[in-house]
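What follows is a set of notes on a single structure, which appears directly below.
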């Protein structure tokens with residue numbers, strides 16, 4: 013099947029994107045990696061009249077360490093985490109988790125922030141941001157908000173994002189070497205949706 017007709021918008025700056033979100037807050041959908049949105053559009057389970065493609069917004073394509081946080085821009089792809097981006101437990105955990113996300117071609121297109129926006133309960137990244145109590149940065153023309161993961165998720169495919177907001181950044185705390193982390197996922201086949209998963213972080217005392 014093919015998607016229903018829609019109007020395509022390709023903003024080049026964050027301000028242009030926020031203006032489009034304000035204008036189409038109830039009938040617009042953001043396109044980043046498209047790994048969740050495009051399939052549901054093709055099956056016509058979603059028929060958004062307006063698609064706002066943020067892939068041309070260069071200021072959202074960043075990945076940096078700053079003030080004890082790994083700052084992940086909205087256009088950072090899953091594949092970026094195949095190598096340790098920071099030393100220590102946080103970098104190791106991200107490398108471990110990304111191996112479980114779908115198949116490699118999907119990892120080259122799908123985005124970290126897109127997974128958080130979609131809020132699928134089978135999402136590995138959603139488990140990680142909850143575990144680490146990450147900070148989700150949301151922008152609109154009205155304001156910028158910084159939400160703890162525990163405040164952000166409201167349930168299955170439900171979040172605290174307003175219709176005119178976009179996630180610009182996800183901030184993960186960089187854990188020091190007193191922390192230990194682990195991740196385990198069970199699925200029927202490699203690349204399938206998780207049937208069950210767990211992510212754990214434990215702080216040790218001294219050298220124990």
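In the numbering used here, the protein residues as written are 13 to 220. For every residue, glycine included, the Cβ atom is placed at its ideal position computed from N, Cα and C.
Distance check for residue j and residue i, CA to CA, integer angstroms please.
i	j	result
residue 56	residue 191	45 Å
residue 46	residue 217	43 Å
residue 173	residue 129	8 Å
residue 106	residue 96	7 Å
residue 163	residue 201	33 Å
residue 30	residue 177	7 Å
residue 122	residue 215	31 Å
residue 144	residue 184	7 Å
residue 89	residue 119	7 Å
residue 171	residue 204	24 Å
residue 111	residue 94	8 Å
residue 54	residue 134	21 Å
residue 64	residue 167	25 Å
residue 19	residue 195	41 Å
residue 189	residue 100	6 Å
residue 186	residue 198	27 Å
residue 114	residue 25	30 Å
residue 77	residue 21	31 Å
residue 87	residue 28	16 Å
residue 52	residue 175	19 Å
residue 70	residue 149	17 Å
residue 14	residue 80	45 Å
residue 102	residue 116	21 Å
For residue i, which residues does DSSP report across the bridge?
i	result
residue 149	158 and 181
residue 40	62
residue 200	Looking at the DSSP assignment, residue 200 forms no beta bridge with any residue, so it has no partner.
residue 13	DSSP lists no partner for residue 13.
residue 46	DSSP, once it has assigned bridges, lists no residue as partnering residue 46.
residue 171	165
residue 210	196
residue 215	191
residue 19	62
Considering only the beta carbon of each residue, do residue i and residue j sit closer than 8 Å?
i	j	result
residue 180	residue 43	no
residue 75	residue 85	yes
residue 98	residue 140	no
residue 136	residue 209	yes
residue 169	residue 206	no
residue 23	residue 82	no
residue 158	residue 147	yes
residue 124	residue 142	no
residue 40	residue 49	no
residue 138	residue 152	no
residue 161	residue 193	no
So with Cβ pairs under 8 Å, would you call residue i a contact of chain B?
i	result
residue 135	Among the chains in the structure shown there is no chain B, since it carries only a single protein chain.
Quiz item: Is the region 58-69 in contact with the region 31-40, if contact means three or more CB pairs nearer than 8 Å?
Solution: Because the criterion of three Cβ pairs below 8 Å is met, the region 58-69 and the region 31-40 touch.
Quiz item: Which ranges would you report for the alpha helix (DSSP H) in the region 52-137 if only whole runs of at least 4 residues count?
Solution: 101-110, 116-119 and 124-130
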